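> Pasting a structure below so you can have a look.
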Amino acid sequence: QKEVEQNSGPLSVPEGAIASLNCTYSDRVSQSFFWYRQYSGKSPELIMSIYSNGDKEDGRFTAQLNKASQYVSLLIRDSQPSDSATYLCAVEGWGNGNKLVFGAGTILRVKS
Amino acid sequence: DAGVTQSPTHLIKTRGQHVTLRCSPISGHKSVSWYQQVLGQGPQFIFQYYEKEERGRGNFPDRFSARQFPNYSSELNVNALLLGDSALYLCASSPGGPVYEQYFGPGTRLTVT
Chain D
29 QKEVEQNSGP
39 LSVPEGAIAS
49 LNCTYSDRVS
59 QSFFWYRQYS
69 GKSPELIMSI
79 YSNGDKEDGR
89 FTAQLNKASQ
99 YVSLLIRDSQ
109 PSDSATYLCA
119 VEGWGNGNKL
129 VFGAGTILRV
139 KS
Chain B
470 DAGVTQSPTH
480 LIKTRGQHVT
490 LRCSPISGHK
500 SVSWYQQVLG
510 QGPQFIFQYY
520 EKEERGRGNF
530 PDRFSARQFP
540 NYSSELNVNA
550 LLLGDSALYL
560 CASSPGGPVY
570 EQYFGPGTRL
580 TVT
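Going down the list, the sequences are from chains D and B.
The first sequence begins at 29 in this note's numbering and counts up one residue at a time.
The second sequence begins at 470 in this note's numbering and counts up one residue at a time.
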């Protein structure tokens, strides 16, 4: 079982719609969770962090965390073509520094 | 404020050679982590350094080594390069301590032929 799992996609949504990206993780001890956006040929860019159960909103982005279900999600409201990228879920791994364990990423395509 | 910087941007090496990659963290950040990203996968953890000490090591062979300098910049060294070492090498900077948010540099694209 992979430590962090994401649907590889591509997830296609029309412009203006809500994009929903999901992530599950296997280490119950994990406490910190992150979403990164990566454009083709570029490095990952941190867009959200979440540490507590519930929702965290930042502009058009909402991160949701459910530690009991070991589930993290990212909602992107009013999706724009510029949101088209790969979204990486990362979970802080205990016991080996504060390394990040990444999923393989979900490709999002927003069609205008 | 300047972000994380990495050099070189691109590098082509031959099998068996060694390579040194460099990273300068965000000003005030004391922790540097190195990741390897191959096409189609998420970044994979290689090393973390905090206050010049190794704090974590990923599942990579001993051909990979790193160090952090007094000014918090860091080097990643890879010896006896293999074709499979071709990847994007990412450096991430964080304040350290209990703060876990990591910010990536632009990366070094290494091609081994």
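In this text, a Cβ means the ideal position worked out from N, Cα and C, and glycines have one as well.
The structure presented is a predicted model; accordingly, all values stated were derived computationally and were not measured.
1) In chain order, which beta strand (DSSP E) runs of at least 3 residues are fully inside the segment 522-576 of chain B?
2) Name, going along the chain, the residues of the segment 547-574 of chain B whose beta-carbon falls closer than 7 angstroms to a beta-carbon of chain D.
3) Just confirm the distance between the C-beta atoms of Gln505 (chain B) and Ala556 (chain B), as a whole number of angstroms; I'd bet it's less than 8 angstroms.
4) Spell out whether any CB of chain D is found under 9 angstroms from the CB atom of Ser500 (chain B).
5) Using a Cβ-Cβ cutoff of 9 angstroms, what residues of the segment 70-101 of chain D are near chain B? List them in chain order.
6) By Cβ distance, which residues of its chain are closer than 7 angstroms to Gly44 (chain D), with the 5 residues on each side in sequence left out?
7) What residues from chain D crowd round Gln510 (chain B), counting only those whose CB sits closer than 9 angstroms?
8) By the 10 Å Cβ neighbour count, where 16 or more other Cβ atoms means buried, how is Gln517 (chain B) classified, buried or exposed?
9) Using 8 angstroms for Cβ pairs, my map puts Glu544 (chain B) next to Leu74 (chain D). What's the rounded Cβ distance?
10) For a contact meaning CB atoms closer than 9 angstroms, what does Gly497 (chain B) contact in chain D?
11) Which residues mark the beginning and the end of the beta strand (DSSP E) in which Val32 (chain D) is found?
On the basis of the supplied data:
1) 522-526, 533-537, 543-547 and 556-563
2) Leu559, Tyr569, Glu570, Gln571, Tyr572, Phe573 and Gly574
3) 5 angstroms
4) yes
5) Lys70, Ser71, Pro72, Glu73, Leu74, Ser77 and Tyr79
6) Asp106 and Ser107
7) Phe130, Ala132 and Gly133
8) buried
9) Going by Cβ atoms, the distance from Glu544 (chain B) to Leu74 (chain D) rounds to 24 angstroms, so no, they are not a contact pair.
10) By Cβ distance, chain D contributes nothing, its closest Cβ being about 16 angstroms from Gly497 (chain B), past 9 angstroms.
11) For Val32 (chain D), the uninterrupted beta strand (DSSP E) run begins and ends at Val32 to Gln34, by DSSP.
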